[in-house]
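Participant:
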Amino acid sequence: MGERVIRAAARPVEQSTGMAAMQLCAGTLEVEHPDQLLLDYLDVRNGYGYPAYDTLETNSTAGLVDGDLLAPILLGAHVDTGRFTLLREMLPALEAVADLPEVALQDADDDHVLCVAGLFGILDEPRYAGRGIRGTIVSKVLHRKRPELVPLYDSRIFQAYTAPGAIPRSTANAWAQFMAMLCAQMRDDLQAEAQAFAEHEELA
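What follows is the structure, given as structure tokens:
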């Protein structure tokens, strides 16, 4: 199977910064014109989650409160009354996000990665199986509290990072196990493309 490519929508030449393509997912995914993708996301006219998700004010600390459980809605995840109630039940486990070190994922060691992945272990408990709360919603709750360390996750990330990406695609993986592999691979990507990510930070 050939290398997969993500392409940005066409943009006038004068709006392009001319940044090179990025190689992600251990080199299995090429992202063409990543600067255009970033600028498209930051353009409020396009209706993405920025800046609503990023600037949502709850308690201004790393501790979780009820308002944080509704944040996934701003990124397109469905949180109805039932899911909100389940997230409240999960709070004692999810609150450990406040104890995570203030370290960026690219600088995280394996222990840091396991701490992040461990927060998703609540999803592996039988009482929550098939009840509508999965990694997508949990990541969007946790990411706002430690945005440099806890990555966002959704179906597109799953498609990109699993086979034919860098991570074997299997329904047998526990959430904690899968997130450990995902965080480790994302860390490797951030390190491999460190200069490109730094340039995009300046662009944003």
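Residues in the sequence shown are numbered from 240 upward in steps of one, following this note's numbering. By construction, the Cβ of each residue, glycine as well, lies at the ideal position given by its N, Cα and C atoms.
Please list the segments of the alpha helix (DSSP H) lying wholly inside the region 353-428, counting only runs of 4 or more residues, in order along the chain.
Facilitator: With a minimum length of 4 residues, the continuous alpha helix (DSSP H) runs that stay inside the region 353-428 are 374-381, 394-400.
Participant: When you compare only the Cα positions, how much space is there between residue 331 and residue 295?
Facilitator: Looking up residue 331 in the sequence shown gives position 92. Looking up residue 295 in the sequence shown gives position 56. Those two C-alpha atoms are separated by around 22 Å.
Participant: Is the separation between the beta-carbon of residue 306 and that of residue 297 shorter than 8 Å?
Facilitator: As a working note, residue 306 is residue 67 in the sequence shown. As a working note, residue 297 is residue 58 in the sequence shown. Closer than 8 Å, so yes.
Participant: With a cut-off of 8 Å on the beta carbons, I'd call residue 369 and residue 418 a contact; round off their distance for me.
Facilitator: Within the sequence shown, residue 369 is the residue found at index 130, counting from 1. Within the sequence shown, residue 418 is the residue found at index 179, counting from 1. Going by Cβ atoms, the distance from residue 369 to residue 418 rounds to 19 Å, so no, they are not a contact pair.
Participant: Bridge partners of residue 245, per DSSP?
Facilitator: Your numbering for residue 245 matches position 6 in the sequence shown. DSSP output for residue 245 lists 270 as bridge partner(s).
Participant: Just the C-alpha distance for residue 411 and residue 279, rounded to the nearest angstrom, thanks.
Facilitator: If you number the sequence shown from 1, residue 411 lands on position 172. If you number the sequence shown from 1, residue 279 lands on position 40. Each residue's Cα considered, the two are about 36 Å apart.
Participant: Since I believe residue 264 is in contact with residue 344 (beta carbons under 8 Å), could you give me their beta-carbon distance rounded to a whole number of angstroms?
Facilitator: Residue 344 sits at position 105 when you count from the first residue of the sequence shown. Residue 264 sits at position 25 when you count from the first residue of the sequence shown. That belief does not hold up - the Cβ atoms of residue 344 and residue 264 are roughly 15 Å apart, past 8 Å.
Participant: Is it true that the CB of residue 380 sits closer than 8 Å to the CB of residue 326?
Facilitator: The residue given as residue 326 occupies position 87 in the sequence shown. The residue given as residue 380 occupies position 141 in the sequence shown. Yes, the pair counts as a contact, with Cβ atoms nearer than the cut-off.
Participant: Which runs of the alpha helix (DSSP H) fall wholly inside the region 317-354 and span at least 4 residues, in chain order?
Facilitator: Counting only runs of 4 or more, we get 320-333.
Participant: Taking the beta carbon of residue 299 as the centre, do at least 16 other beta carbons fall within 10 Å, making it buried, or is it exposed?
Facilitator: Here the question's residue 299 lines up with position 60 in the sequence shown. The residue in question, residue 299, is exposed, as its Cβ has fewer than 16 Cβ neighbours within 10 Å.
Participant: Kindly indicate which three-state DSSP category residue 201 falls into: helix, strand or coil?
Facilitator: Any question about residue 201 goes unanswered here, given that the chain covers just 240 to 443.
Participant: What three-state label does DSSP hand residue 446 in the structure shown?
Facilitator: A query on residue 446 cannot be resolved here, the shown segment of the chain reaching from 240 to 443 and no further.
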